[in-house]
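In this note's numbering, the protein residues as written are 18 to 238.
Using N, Cα and C, we set each Cβ at its ideal position, and we do this for glycine too.
Take a look at the structure:
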């Protein structure tokens, strides 16, 4: 998506300050929200749908919220839509369900158990399609110059740019449609860009940038 939700980031908001000793959470509630995000799963929700819901947050509202507050806003809207609780319960902070409806409390798990649980319930993004890949490793390609009014994995800074197919990853769910609930697989490639191709000020740089991009984003150079 263009605008403030562009996955490639936006300029003009000052430098990113990094503190190596900084706690991952500034407030106690942020840790709880992170825990909720790891433990709760709404049926059929993919990362693409989650991003789509997050990208519906108005730019001014999004910029004024702490990082984990935008997580909470996204998660709560998804859980409410899935019927876990109502908007009224979110606003009041009080459940209207009977205690008997809660079920048994979840047992504490180790990190290894949490990772295994995530693995067992993870959505499979890879799949099989009948059509062969259009591009081959080593081939020169050019990215689309057009964006998408909804979710997309082609950042603005990499549009209308020349690159080289570095690797082929097989077929995966196409995120632009997956964000709309449509499960269609497309061939996915790792594309290598010279830094100078992406940013004119990097013309003397030897750096390279690798992006995983779907076939619809690409054309022959």
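*What did DSSP end up calling residue 45 once you bin it into helix, strand or coil?*
helix
*Can you list the beta strand (DSSP E) stretches of 3 or more residues lying completely in the segment 140 to 213, in chain order?*
157 to 160, 179 to 190 and 202 to 211
*Would you kindly work out how many angstroms separate the C-alpha atoms of residue 202 and residue 90, rounded to a whole number?*
29 angstroms
*asked:* Per the DSSP calculation, residue 229 is bridged to which residue(s)?
replied: 207
_Using DSSP's beta-bridge definition, name the partner residues of residue 236._
159
*asked:* Taking the alpha-carbon of residue 199 as reference, which of 205, 206 and 191 has the nearest alpha-carbon?
replied: 191
*With residue 96 as the anchor, note down where its alpha helix (DSSP H) starts and where it stops.*
84 to 98
_Here's the rule I'm using: 16 or more other beta-carbon atoms within 10 Å means buried, otherwise exposed. How should residue 35 be labelled?_
exposed
*Are the Cβ atoms of residue 164 and residue 176 separated by less than 8 angstroms?*
yes
*Whose C-beta lies closer than 7 angstroms to the C-beta of residue 222 among residues of the same chain, with five residues either side of it excluded?*
212 and 213
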